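Have a look at the structure below, then the notes.
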Amino acid sequence: MIYEFDTELIKLEGRMHWTVFYVPISVEEAFGTNGRVYVKTMIDGYQFEGILMPSKKGHYMVFNREFQNICHKKIGDIIHVKLEKNDEIKTLRIPDIMIKKMKNNSLLLQAFNALPHQIKQEEIHKIMSVKTEETRIKRLDALINKLLN
């Protein structure tokens, strides 16, 4: 089933400084869970995949910078959303440089694994898309600090 609604982009409260939108439907009634739900979306005519994340205020989806740039939308703007459950299995390859830095710290691994798939994917891309090893290490260290603080 496809759900359709208009909603406002807002800044998520907390330490991650994400732009998100809340879903004005009961995720438990729609998808049978109060947990995370992988979804396919059409936002202002553009297709994206994401994860509905549970919170005390309801379920939200991260609207990352890439989505913002494609849709030309920012915090405070209203977006038109169509979404449906995505049952396709997601896999993510974590680069060796990240495994080596994280493998001996269970709290760090737990914090990284708790991130939504989409955010993990973005963080990996941010680290691995640079040309120099030095910049990769700086970005990885910045992620580690963010996860541990």
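What the sequence shown shows, in our numbering, is residues 1 to 149, in sequence order.
Where a beta carbon is used, it is the ideal one built from N, C-alpha and C, also for glycine.
Predicted model only: the values in this text are computed from it and were never measured.
Please say whether residue j and residue i have beta carbons closer to each other than 7 Å?
i, j, result
"V62", "V23", "no"
"Q118", "I51", "yes"
"D6", "I124", "no"
"L109", "L147", "no"
"R36", "M16", "no"
"K131", "R139", "no"
Among the options, whose alpha-carbon lies nearest the alpha-carbon of residue i?
i, options, result
"M98", "E28, K120, K82, K85", "K120"
"M1", "E29, K57, W18", "E29"
"L115", "C71, L143, E66, E134", "L143"
"F67", "I94, R15, V81, L140", "V81"
"N86", "A111, F48, I70", "F48"
"G76", "N149, K11, E4", "K11"
"E8", "I127, V130, Y60", "Y60"
"N102", "F31, N145, S129, I25", "This sequence places Met at residue 102; Asn is not what is there. Of F31, N145, S129, I25, the residue nearest in Cα terms is N145."
"I13", "T41, K57, L83", "In the sequence on display, residue 13 carries Glu and not Ile. The candidate whose alpha carbon is nearest that of E13 is K57."
"I137", "N104, V27, P95", "P95"
"N64", "T135, R93, W18, V27", "W18"
"L92", "K100, N113, N104, N149", "N113"
On the DSSP letters alone, give me the boundaries of the alpha helix (DSSP H) that residue i sits inside.
i, result
"H125", "117-128"
"K40", "Looking at the DSSP string, K40 is not in any alpha helix (DSSP H); the run it does join, the beta strand (DSSP E), is 37-43."
"V23", "V23 -> no alpha helix (DSSP H), and no H or E assigned at all."
"M98", "96-102"
"I144", "133-148"
"E13", "Neither: E13 is in no alpha helix (DSSP H) and is coded neither H nor E."
Span of the beta strand (DSSP E) holding residue i?
i, result
"F5", "3-8"
"F48", "46-53"
"L83", "78-85"
Give me, in chain order, the residues of the same chain whose beta-carbon lies closer than 8 Å to that of residue i; leave out the 5 immediate sequence neighbours on both sides.
i, result
"E88", "Y38"
"Y46", "F67, I70, C71"
"K74", "L9, T19, Q68"
Please work out which residues of its chain come closer than 6 Å, Cβ to Cβ, to residue i, disregarding the five sequence neighbours upstream and downstream, and give them in chain order.
i, result
"I25", "Y3"
"K40", "E49, E84, N86"
"F31", "V37, K85"
Using a Cβ-Cβ cut-off of 7 Å (strictly less than) and excluding sequence neighbours within five positions of residue i, which residues of its own chain qualify?
i, result
"E122", "N64"
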